[in-house]
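Counted the way our numbering counts, the sequence shown spans residues 1 to 279.
Cβ atoms here follow ideal geometry from the backbone N, Cα and C, with glycine treated the same way.
Here is the structure we will look at, set down as structure tokens.
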Amino acid sequence: MQRKHDWGENMIATNLRNPKVQGVLVPLVTPLNEKREVDAKSVKRLLQSLKSRVDGFIPCLSTGEGRNLNDRSWRTMLEFTLAETSGTMVIAGIEASATSDVVRRVKETRTLGVDVVIALPQFGANIPQDKIFAHFATIAEAGLEIIVYNKQMMCGTPIHINTLIRICRQIPAIIGVKEGSMDPAFTQQFLDAVPDVAVFLAWEHLFTKNAAHGSIAALSNLEPELCREGVTNQNMGAQNKINDAIARYNIGSENTSWFYDIKLELVRRGIIETTYCIV
């Protein structure tokens, strides 16, 4: 059964815990200069190239090499993004291995005036599901709204569907899920179970499989209009155009250095200076 949104004006779902958080949210690459430091000029050009075309920005997530950013680079990228995005939503990406490290960065995020974070479960294989629930409950105590990042390949342990539903039903601070399970049936089960939590699709090749609230996907650094078309038009014409773009930029799900290939295209377009990556 496809999700039927409670649409208001301008095709905005009004039945969400935070109706402002939906649409195309860009998980930004982290541009580096020749010294392999975060490059302010490239960040500015990247944001200027996207600002009028998207609904929000997420620095320091996996496309931004978030798990490899040290504290200084993480804060610098977040500060540069905030400096250039007045009037556009910014959500802080937090990829840290332990609950305590996530909480520390959430508290730092609050000092910068950001209201929403996106976070993974704690890192490691075979983390018990109750500990994943406790992880997000502890993060919520820091006082910001949270998008749950559900993507096993980034943290090592999947969030089971019953756990994800429990997290979102029992923790009011959870306002969204970045759904990267690669299982449209899982995604649909969650959509039907928790209708007031926004769902953002992570995998471009599955955009047209579920009627979600938006996307948080790497392709939006390059082709945000295609991402919007994919999540709003449930048809193969839109999906075929997206699939062509995935192949053109070499950012398919099998590519573990997709952020490099996005940087390669951004350099070709003259938007960022280098293809340097943190690893």
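Looking only at its own chain, which residues have a Cβ that is under 7 Å from the Cβ of residue i, when we skip the five neighbours before and after it?
i, result
"Leu226", "Leu219, Lys241, Ile242, Ala245"
"Gln152", "Pro158"
"Glu9", "In this prediction, Glu9 scores a pLDDT of 39, lower than 50, which makes its location untrustworthy; the coordinate-derived value is nonetheless stated afterwards. There are no such residues."
"Gln239", "Phe207, Thr208, Gly230"
"Asn150", "Ile159, Leu164, Val177, Lys178, Glu179, Gly180, Ser181"
With distances taken between CB atoms, is the gap from residue i to residue j smaller than 7 Å?
i, j, result
"Pro59", "Leu28", "yes"
"Ala217", "Glu229", "no"
"Ile171", "Ala202", "no"
"Ser86", "Phe123", "no"
"Val284", "Ala198", "Nothing about residue 284 can be read from this structure; the chain reaches only from 1 to 279."
"Thr274", "Leu264", "no"
"Val231", "Gly214", "yes"
"Ile167", "Phe133", "yes"
"Val26", "Asn221", "yes"
"Lys178", "Ala142", "no"
"Thr76", "Val90", "no"
"Thr88", "Lys51", "yes"
"Cys155", "Pro184", "no"
Under the rule that 16 or more other beta-carbon atoms within 10 Å means buried, what is residue i, buried or exposed?
i, result
"Gln48", "exposed"
"Leu62", "Inspection of the sequence shows that residue 62 is occupied by Ser rather than by Leu. Buried: at least 16 other Cβ atoms inside 10 Å."
"Pro224", "buried"
"Asp39", "buried"
"Asn126", "exposed"
"Ala140", "buried"
"Arg45", "buried"
"Ala13", "buried"
Could you give the distance in angstroms between the alpha-carbon of residue i and the alpha-carbon of residue j?
i, j, result
"Leu164", "Ile174", "10 Å"
"Pro128", "Gly56", "33 Å"
"Leu312", "Ala212", "Any question about residue 312 goes unanswered here, given that the chain covers just 1 to 279."
"Gly23", "Val54", "8 Å"
"Gln234", "Asp261", "27 Å"
"Thr187", "Glu65", "25 Å"
"Thr208", "Gly237", "10 Å"
"Leu266", "Ile272", "6 Å"
"Pro19", "Ala92", "18 Å"
"Asp130", "Arg268", "46 Å"
"Gly270", "Tyr249", "16 Å"
"Gln83", "Ala247", "First, the residue type needs correcting, since residue 83 is Ala and not Gln in the sequence shown. Roughly 33 Å between the two C-alpha positions."
Of all the options the options, which has the alpha carbon lying nearest to the alpha carbon of residue i?
i, options, result
"Asn210", "Leu144, Ser181, Phe123", "Ser181"
"Val279", "Gln122, Glu37, Leu16", "Glu37"
"Ile146", "Arg169, Asn126, Phe259", "Arg169"
"Gln189", "Gly176, Ile161, Leu78, Phe200", "Ile161"
"Arg17", "Lys35, Arg75, Leu50, Gly176", "Gly176"
"Asp71", "Thr109, Ile271, Asn233, Thr88", "Thr109"
"Lys35", "Pro121, Asn126, Ser73, Gly64", "Ser73"
"Asn68", "Ala92, Leu50, Thr30", "Thr30"
"Glu315", "Leu112, Thr99, Thr14", "This structure does not reach residue 315, given that the chain is present from 1 up to 279, and the question cannot be answered."
"Asn15", "Asn250, Asp196, Ala185", "Asp196"
"His135", "Tyr149, Asn150, Asn250, Thr99", "Thr99"
Residues in the same chain with beta-carbon distance under 6 Å from residue i, minus the five sequence neighbours each way, listed in chain order, please.
i, result
"Trp94", "In the sequence under discussion, the amino acid at residue 94 is Ile, which differs from the Trp named in the question. If we look at Ile94 and ignore the five residues flanking it on each side, its Cβ neighbours are Val102, Arg105, Val117, Ala119."
"Ile251", "Ala218, Trp258, Asp261"
If you drop the 5 nearest sequence neighbours on each side, which residues of the same chain put their C-beta closer than 8 Å to that of residue i?
i, result
"Ser253", "Met182, Trp203, His205"
"Asp115", "Leu144, Glu145"
"Cys277", "Leu32, Glu65, Ser257, Phe259, Tyr260, Lys263"
Is residue i near the ligand SAM, going by C-beta to nearest heavy atom under 6 Å?
i, result
"Ile174", "With respect to small molecules bound, the structure shown includes none, and the ligand SAM cannot be examined in it."
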